[in-house]
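Read through the structure below, which is laid out as structure tokens, and then see the notes.
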Amino acid sequence: MTIRFAALTALAALSVGTACGAQLLPKDTEVWTPEPPVVAPGAQPSAAPSDALVLFDGTDLSQWVATKDKSPAGWTVEGGVLTVNKAAGNIETKQSFGDYQLHIEWRIPANITGEGQARGNSGLFLASTGGGDAGYEVQILDSYQNPTYVNGQAASLYKQRPPLANASRKPGEWQTYDVIWRAPVFGADGALVKPARVTLLHNGVLVQDNVELTGETVFIGKPKYKAHGKSPIKLQAHRDPSEPISFRNIWVRELGPAG
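When we follow my numbering, the leftmost residue of the sequence shown carries the number 28, and every step to the right adds one.
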């Protein structure tokens with residue numbers, strides 16, 4: 028009975044193949060066009076690829092302005108390194124972005140003092156939606172043996188989502204953030220159509236995995252959305268009393284809409 032059933036199954040398969048034409052070949056599932064664009068990777072790990080916009084290459088702040096009045100950015104550039112000037116306030120990119128891939132390197136000074144949120148505090152705002160700290164913040168902080176609330180430690184989506192791991196290096200060592208930012212989408216009436224999403228690697232460790240944000244960052248209360256379009260990327264001059272942190276090697280690649 029089993030042999031007869033197998034024979035009938037084979038005959039049925041053959042009939043279907045015959046009715047549909049020639050038997051499928053490996054090449055029938057090969058896709059050749061359109062070809063993906065060629066992007067040359069950076070010569071060294073973390074270097075900007077060929078289609079990236081370099082936001083800071085160690086020489087000047089020509090891609091940045093002061094958030095408060097769009098005047099020239101007043102932070103310090105020396106020895107290929109950008110250091111926060113807390114008195115000058117936040118800075119942001121001249122250009123606005125939608126979806127993108129971002130690479131940024133940052134360093135807590137070796138002589139850092141303070142504790143908790145008052146120790147090497149800064150922030151990377153993935154979209155600056157107004158003055159001050161308006162926007163969507165990834166926390167920058169010395170989280171190497173420095174306890175604080177987990178949704179406020181380094182690599183957290185501030186006050187929304189703790190990181191999956193604490194991948195912090197000790198003060199004095201350079202750290203990296205690699206971000207995929209999917210901006211929120213709003214309808215013509217300003218209503219939210221699609222929330223923002225973030226993927227983040229901290230020092231090569233996945234710490235935010237395509238996380239959905241519930242709104243813009245707020246220090247007190249619950250996040251909420253307000254309609255906006257393309258936005259600058261912002262770096263925070265936090266007013267805590269600890270020594271100012273530094274940045275280098277910042278670049279961004281604009282992305283098409285997610286599939």
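For each residue, glycine too, the CB sits at the ideal point set by N, CA and C.
- Judged by pairs of C-beta atoms under 8 Å, the region 109–121 does not touch the region 185–201, as fewer than three such pairs exist.
- The region 135–150 makes contact with the region 158–171; the number of CB pairs closer than 8 Å reaches 3 or more.
- For the pair of segments examined, the region 272–282 was found to touch the region 68–85: the number of CB pairs separated by less than 8 Å reaches three.
- Straight through space, the alpha carbons of residue 142 and residue 82 are spaced by roughly 31 Å.
- Judged by DSSP secondary structure, residue 93 falls within the beta strand (DSSP E) whose first and last residues are 91–93.
- Annotation for residue 162: the continuous beta strand (DSSP E) segment containing it runs 162–167.
- Under the DSSP assignment, residue 149 falls in the beta strand (DSSP E) whose first and last residues are 149–155.
- Under DSSP, residue 221 takes part in a beta bridge, and its partners are 212.
- In this structure, the straight-line span from the alpha carbon of residue 191 to that of residue 130 is close to 19 Å.
- Ranked by how close their Cα comes to the Cα of residue 90, the residues 73, 69, 186, 109 have 109 in first place.
- The alpha-carbon of residue 243 is positioned some 12 Å away from that of residue 224.
- Note on residue 94: 16 or more other CB atoms within 10 angstroms of its CB, so buried under the neighbour-count rule.
- Proximity to residue 88 across 177, 162, 107, 72 peaks at 107, based on C-alpha coordinates.
- For residue 110, the enclosing beta strand (DSSP E) has its first and last residue at 108–110.
- Taking one beta carbon from each stretch, the region 132–141 and the region 257–272 have 3 or more pairs nearer than 8 Å; the two touch.
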